[in-house]
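In the working numbering, the protein residues as written are 30 to 292.
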């Protein structure tokens, strides 16, 4: 399969498949609980998916975190997720959802025609797809390339006066070894996709001492130093090792929490 980012969008094309991750439908309810009153942007995300699909993508893969609340669910999620996916099924011949760490009881929300896949991932020809919060299956790891979400990758820029900005980005590279104690075979390459929900902002991947999340991305399997970073508009920023910066003085900016790998 030929993997190509959609220009200007946090979406990946894999032949007839459109691949996206981290919708986090219902995030506005979470923000309202914090005192921020923001109208739902779920309709905008639907329009963006249709635009990214163009006239040729006939299948859709969602790499987890369809919903935002965990644990529990909100009225917004119950109201918006079923209708959202019914509309997607009107556009796409097949819709797959790979379970993410936020997708507790997601079966209650998805129409029956949506093909739900486990957190260990799914494989289409020579490409493996996972959310990224847990270990992939051995079958998925036999793919040529592993596509992951979960980390909401972004790159931090800092100017001469210390102003910092984040830009969503793609991270693409290779595995360090062909095999490990856990897996008899590894993929050759990997792709980390940016979050489709733009309200998530993104977590900088270029902060010194801040590991990525998940057992694969946060472990030693990936050659992240030599991975390449691209912005959504296609700008090639080069190797990740050349982009590393120290963390911010602002508390919590870009801070990551390493989570215990899920079996």
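The C-beta atom is built at its ideal place from N, Cα and C for all residues, glycine as well.
Here the structure is a predicted model, which means the values were calculated and not measured.
Threshold first: 3 residues or longer. Then list the beta strand (DSSP E) segments lying entirely within the segment 238-269, N to C.
Inside the segment 238-269, DSSP marks whole beta strand (DSSP E) runs of 3 or more residues at positions 257-260, 265-268, from first to last along the chain.
In the DSSP output, which residue or residues are listed as bridge partners for residue 193?
187
Between residue 252 and chain B, is the shortest Cβ-Cβ distance under 8 Å, so that the two count as touching?
Absence of chain B from the displayed structure is noted, only one protein chain being present.
Measuring only the C-alpha atoms, how far is residue 124 from residue 184?
30 Å
Please report the distance separating the alpha-carbon of residue 175 from that of residue 207.
13 Å
Using only alpha-carbon positions, find the residue among 119, 139, 121 that is nearest to residue 128.
139
Chain-order list of residues whose beta-carbon lies under 8 Å from that of residue 281 (same chain, five-residue window excluded)
Reliability fails at residue 281, whose pLDDT of 37 lies under 50, so the model's placement of it is uncertain and the value that follows must be treated cautiously. Cβ within range, chain order: n/a, list empty.
With DSSP as the reference, label residue 34 as helix, strand or coil.
strand
Whole beta strand (DSSP E) elements within the segment 128-193, 3-residue minimum
144-146, 151-153, 156-158, 174-177, 182-187
Near residue 45, which residues of its chain fall below 8 Å by C-beta distance, leaving aside the five closest residues on each side in sequence?
Contacts found: 85, 86, 87, 88.
Between the segment 129-148 and the segment 208-216, are three or more C-beta pairs nearer than 8 Å?
no
So for residue 47, helix, strand or coil by DSSP?
strand
Does the segment 72-86 come close enough to the segment 32-46 that 3 or more CB-CB pairs lie under 8 Å?
yes
Count Cβ pairs between the segment 70-84 and the segment 93-101 that sit closer than 8 Å; are there 3 or more?
At 8 Å Cβ cutoff, the stretches do not touch.
Exposure label - residue 235; buried when at least 16 CB within 10 Å
buried
What three-state label does DSSP hand residue 125 in the structure shown?
It is a strand residue.
In chain order, what residues of the same chain lie with their CB nearer than 7 Å to the CB of residue 81, ignoring the 5 residues before and after it?
35, 38, 40, 47
How far does the alpha helix (DSSP H) with residue 78 in it reach, from first residue to last?
Looking at the DSSP string, the run of the alpha helix (DSSP H) that includes residue 78 is 71-82.
For residue 110, three-class secondary structure by DSSP:
When DSSP states are grouped into helix, strand and coil, residue 110 belongs to the helix group.
Leaving aside the five residues before and after residue 105 along the sequence, list all residues of the same chain whose C-beta is less than 6 Å from its C-beta, in chain order.
55, 58
Which residues share a DSSP beta bridge with residue 96?
54
Please give me, in chain order, every unbroken run of the beta strand (DSSP E) with length at least 3 that falls completely inside the segment 200-232.
Here the runs fully enclosed are 218-221.
Look at the Cβ atom of residue 216, then the Cβ atom of residue 170, and state whether they are nearer than 8 Å.
yes
Only counting the same chain, and skipping five residues up and downstream in sequence, which positions put a Cβ closer than 8 Å to that of residue 220?
32, 41, 174, 175, 176, 177, 199, 200, 201
On the DSSP bridge assignment, give the partners of residue 236 in chain order.
274
Start-to-end residues for the beta strand (DSSP E) that takes in residue 90
88-91
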